[in-house]
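*Asks:* Provided herewith is a single structure, encoded as structure tokens, for subsequent inquiry.
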């Protein structure tokens with residue numbers, strides 16, 4: 014039998030085809046490579062067509078792999094188009110039904126916006142002449158005045174009882190301790206309640222409302238106490254400069270200890286309270302946007318102070334009468350007058366904030382275009398929890414200072 018010829022193994026390519034070209038050497042023409050898989054580990058390899066039938070080493074498993082014939086891609090079959098179905102489409106009718114629905118939806122949305130905008134307050138044309146004193150005779154304001162007068166009168170009665178009980182050294186002095194605890198509780202409660210309602214009047218008036226739309230909403234005792242610090246801290250910051258001046262001379266003339274701080278508060282309280290509301294901060298008594306309006310809206314500040322200074326004198330004078338040895342009816346009348354002036358005072362401060370939020374008549378450029386302006390949305394301030402909420406957030410009344 015003839016001997017079978019042994020097939021020689023394919024040539025193993027060991028040379029590295031990658032090298033740096035010499036200077037001036039032309040770039041060689043590389044053959045088109047094709048991809049295939051290692052028969053041992055499945056690693057994807059590539060080789061030129063001239064290496065078909067030869068062996069290369071797999072870079073992963075280092076085994077010899079014979080380069081197979083490249084797989085010829087099958088030609089894609091083109092879709093057969095039957096000329097019988099090559100019929101031109103009929104002209105489509107206009108989509109009038111969907112267009113009418115879209116137009117109706119847009120019209121309803123625009124109508125809703127117009128209705129909500131019509132509900133917003135327009136604001137007074139003459140903020141320091143219209144319904145200033147008359148605000149105190151509105152039904153909601155009269156109810157507040159009656160409640161505040163009764164509460165403060167009760168506090169003064171308790172203080173009088175404590176003074177009478179402490180004059181004696183008998184068992185009555187022990188009762189005075191319990192009455193003092195009750196008086197302290199009533200005083201703290203009245204401060205919190207009055208501060209929140211005064212803040213509600215200021216904010217709702219500054220939003221352009223003529224009447225109180227609602228009182229402070231119930232957010233819990235903690236929220237009421239927290240909001241009361243707007244008024245309490247504003248009063249403290251306003252009295253601080255006068256207190257620093259009165260401290261050195263208080264020993265010589267004791268009357269200066271309380272008169273100078275009250276005079277300081279008379280001029281600074283509207284400015285400090287407006288700044289704290291502007292910054293939405295209970296501890297920041299300065300706001301560049303508010304202080305800028307002293308120049309751009311000086312007439313509004315002058316008109317406001319023509320109301321605020323007399324009202325402040327009536328408030329302080331009424332409380333001073335209650336400290337004198339006056340008959341009880343006189344004290345109650347003094348409390349009623351000072352409480353009424355306090356409500357009007359909050360009304361004027363709200364009108365002041367509303368006035369300085371309008372474009373200035375003293376300049377051609379609106380104040381919101383100045384360097385010290387800031388937008389004050391009502392919903393971002395504590396007043397949003399006290400005032401009437403608009404249905405659409407885009408229609409919320411806002412102030413620009």
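Numbering (our numbering), first residue to last: 14 to 414. Using N, Cα and C, we set each Cβ at its ideal position, and we do this for glycine too. Predicted model only: the values in this text are computed from it and were never measured.
Look up residue 50 in the DSSP assignment and give the residues it is bridged to.
*Replies:* Here the question's residue 50 lines up with position 37 in the chain shown. In the DSSP output, where bridge partners are listed per residue, residue 50 has 57.
*Asks:* Per DSSP, what are the beta-bridge partners of residue 69 in this structure?
*Replies:* By one-based count along the chain shown, residue 69 stands at place 56. BP columns for residue 69 point to 78.
*Asks:* What is the DSSP secondary structure of residue 144, reduced to helix, strand or coil?
*Replies:* Here residue 144 refers to the residue found at position 131 when the chain shown is read from its first residue. Three-state result, residue 144: coil.
*Asks:* Would a C-beta distance cut-off of 9 Å place residue 308 and residue 246 closer than the cut-off?
*Replies:* Position 295 of the chain shown holds residue 308. Position 233 of the chain shown holds residue 246. No, the pair does not count as a contact, with Cβ atoms beyond the cut-off.
*Asks:* Note down, in chain order, each residue of its chain lying with its Cβ closer than 8 Å to the Cβ of residue 50, except the 5 sequence neighbours on either side.
*Replies:* For the purposes of this step, residue 50 is identified with residue 37 of the chain shown, where counting begins at 1. Correct list, in chain order: 56, 57 and 58.
*Asks:* In three-state DSSP terms, what is residue 386?
*Replies:* By one-based count along the chain shown, residue 386 stands at place 373. The predicted position of residue 386 is uncertain, since its pLDDT is 34 and thus under 50; a value taken from the coordinates is nonetheless stated next. In this structure, residue 386 counts as coil in the three-state DSSP scheme.
*Asks:* Express the C-alpha separation of residue 346 and residue 196 in angstroms, rounding to a whole number.
*Replies:* As a position in the chain shown, residue 196 is number 183, starting the count at 1. As a position in the chain shown, residue 346 is number 333, starting the count at 1. Going by the C-alpha atoms only, they are around 20 Å apart.
*Asks:* Which of the three DSSP states is assigned to residue 261 in this structure?
*Replies:* Walking along the chain shown from the start, residue 261 turns up at place 248. DSSP places residue 261 in helix when its eight states are reduced to three.
*Asks:* Under a three-way DSSP split, which group does residue 138 fall into?
*Replies:* Translated into positions along the chain shown, residue 138 becomes position 125. In the structure shown, residue 138 sits in coil (DSSP, three-state: anything other than H, G, I, E or B).
*Asks:* Given this structure, state the Cα-to-Cα distance separating residue 203 from residue 236, to the nearest angstrom.
*Replies:* Mapped onto the chain shown, residue 203 falls at position 190. Mapped onto the chain shown, residue 236 falls at position 223. Each residue's alpha carbon lies about 15 Å from the other.
*Asks:* Could you say which of 336, 277, 268 and 242 lies nearest to residue 255 if we only look at CA atoms?
*Replies:* Your numbering for residue 255 matches position 242 in the chain shown. Nearest of 336, 277, 268 and 242 to residue 255, Cα basis: 277.
*Asks:* Work out the CA separation of residue 165 and residue 336 for me, nearest whole Å.
*Replies:* As a position in the chain shown, residue 336 is number 323, starting the count at 1. As a position in the chain shown, residue 165 is number 152, starting the count at 1. The straight-line gap from Cα to Cα measures roughly 13 Å.
*Asks:* Once DSSP output is grouped into helix, strand and coil, what is the label at residue 310?
*Replies:* By one-based count along the chain shown, residue 310 stands at place 297. Residue 310 falls in the coil class under three-state DSSP.
*Asks:* Which word fits residue 116, buried or exposed, when buried means at least 16 other C-beta atoms lie within 10 angstroms of its C-beta?
*Replies:* Counting from 1 along the chain shown, the entry for residue 116 is found at position 103. So residue 116 ends up on the exposed side.
*Asks:* What residue does the alpha helix (DSSP H) around residue 275 start on, and which one ends it?
*Replies:* Indexing the chain shown from 1 puts residue 275 at position 262. Unbroken alpha helix (DSSP H) run through residue 275: 269 to 292.
*Asks:* Pick helix, strand or coil for residue 152, following the three-state DSSP scheme.
*Replies:* Your numbering for residue 152 matches position 139 in the chain shown. Three-state DSSP puts residue 152 in a helix.
*Asks:* Quick check on DSSP: helix, strand or coil for residue 84?
*Replies:* What you label residue 84 is simply residue 71 of the chain shown in a count that begins at 1. Residue 84 falls in the coil class under three-state DSSP.
*Asks:* Would you mind stating whether residue 300 and residue 312 have Cβ atoms separated by less than 9 Å?
*Replies:* Locating residue 300 in the chain shown gives position 287, counting from the first residue. Locating residue 312 in the chain shown gives position 299, counting from the first residue. Cβ atoms of residue 300 and residue 312: not closer than 9 Å.
*Asks:* Between 177, 318 and 201, which has its C-alpha nearest residue 357's C-alpha?
*Replies:* Here residue 357 is taken as the residue at index 344 of the chain shown, counted from 1. For residue 357, the nearest C-alpha among the options comes from 318.
*Asks:* Can you give me the start and stop residues for the alpha helix (DSSP H) that residue 344 sits inside?
*Replies:* Along the chain shown, one-based indexing puts residue 344 at 331. Unbroken alpha helix (DSSP H) run through residue 344: 341 to 369.
*Asks:* So, using beta-carbon positions, are residue 225 and residue 214 closer together than 9 Å?
*Replies:* What you label residue 225 is simply residue 212 of the chain shown in a count that begins at 1. What you label residue 214 is simply residue 201 of the chain shown in a count that begins at 1. Result yes, Cβ atoms of residue 225 and residue 214 sit closer than 9 Å.
*Asks:* Mind checking which residues open and close the alpha helix (DSSP H) that includes residue 211?
*Replies:* Taking the first residue of the chain shown as 1, we reach residue 211 at position 198. Run containing residue 211: 185 to 219, per the alpha helix (DSSP H) assignment.
*Asks:* Is DSSP giving residue 172 helix, strand or coil here?
*Replies:* Taking the first residue of the chain shown as position 1, residue 172 is located at position 159. Helix at residue 172.
*Asks:* If residue 52 sits next to residue 78, beta carbons under 8 Å apart, how far is it from one beta carbon to the other, in whole angstroms?
*Replies:* Mapped onto the chain shown, residue 52 falls at position 39. Mapped onto the chain shown, residue 78 falls at position 65. At roughly 6 Å, the Cβ-Cβ gap stays under 8 Å, so residue 52 and residue 78 are in contact.
*Asks:* Beta carbon of residue 268: closer than 8 Å to some heavy atom of the ligand ATP?
*Replies:* Questions concerning the ligand ATP fall outside what the structure shown contains, since it holds no ligand whatsoever.
*Asks:* Closest to residue 179 by C-alpha separation, out of 172, 189 and 171, would be which residue?
*Replies:* For the purposes of this step, residue 179 is identified with residue 166 of the chain shown, where counting begins at 1. The candidate whose alpha carbon is nearest that of residue 179 is 189.
*Asks:* Tell me whether the beta-carbon of residue 89 lies closer than 9 Å to the beta-carbon of residue 80.
*Replies:* Taking the chain shown and counting its residues from 1, one reaches residue 89 at position 76. Taking the chain shown and counting its residues from 1, one reaches residue 80 at position 67. Going by C-beta atoms, residue 89 is not nearer than 9 Å to residue 80.
*Asks:* For residue 361 and residue 145, I'd like the C-alpha separation in whole angstroms.
*Replies:* By one-based count along the chain shown, residue 361 stands at place 348. By one-based count along the chain shown, residue 145 stands at place 132. Roughly 7 Å separates the two Cα atoms.
*Asks:* Which residues in the same chain have their Cβ closer than 7 Å to the Cβ of residue 171, if we skip the five residues on either side of it in sequence?
*Replies:* Taking the first residue of the chain shown as position 1, residue 171 is located at position 158. Here the set comprises 192, 195, 196 and 199.
*Asks:* Between residue 184 and residue 221, what straight-line distance do the alpha-carbon atoms span, to the nearest angstrom?
*Replies:* Counted from its first residue, the chain shown places residue 184 at position 171. Counted from its first residue, the chain shown places residue 221 at position 208. Approximately 56 Å, taken between the alpha carbons.
*Asks:* Report the residue from 208, 135 and 175 whose alpha carbon sits nearest the alpha carbon of residue 161.
*Replies:* Stepping through the chain shown from its first residue, residue 161 is reached at position 148. Cα-wise, what sits closest to residue 161 is 208.
*Asks:* Secondary structure at residue 332, three-state DSSP: helix, strand or coil?
*Replies:* Residue numbering aside, residue 332 sits at position 319 when the chain shown is read from its first letter. In this structure, residue 332 counts as helix in the three-state DSSP scheme.
*Asks:* Please tell me whether residue 321 and residue 283 are closer than 9 Å, where the distance is taken between their beta carbons.
*Replies:* As a first step, residue 321 must be located in the chain shown, where it is residue number 308. As a first step, residue 283 must be located in the chain shown, where it is residue number 270. Against a cut-off of 9 Å, the Cβ pair of residue 283 and residue 321 comes out as a contact.
*Asks:* Once the 5 residues before and after residue 250 are set aside, which same chain residues still bring their CB inside 7 Å of it?
*Replies:* In the chain shown, residue 250 corresponds to position 237, counting from 1. Counting only Cβ-Cβ distances below 7 Å, and skipping sequence neighbours, we find 285 and 298.
*Asks:* Can you tell me which of 187, 325 and 303 puts its alpha carbon nearest to the alpha carbon of residue 359?
*Replies:* Looking up residue 359 in the chain shown gives position 346. Nearest of 187, 325 and 303 to residue 359, Cα basis: 325.
*Asks:* From this set, 368, 366 and 353, which residue's C-alpha is nearest residue 463's C-alpha?
*Replies:* Outside the shown range of the chain, which is 14 to 414, sits residue 463, and nothing can be said about it.
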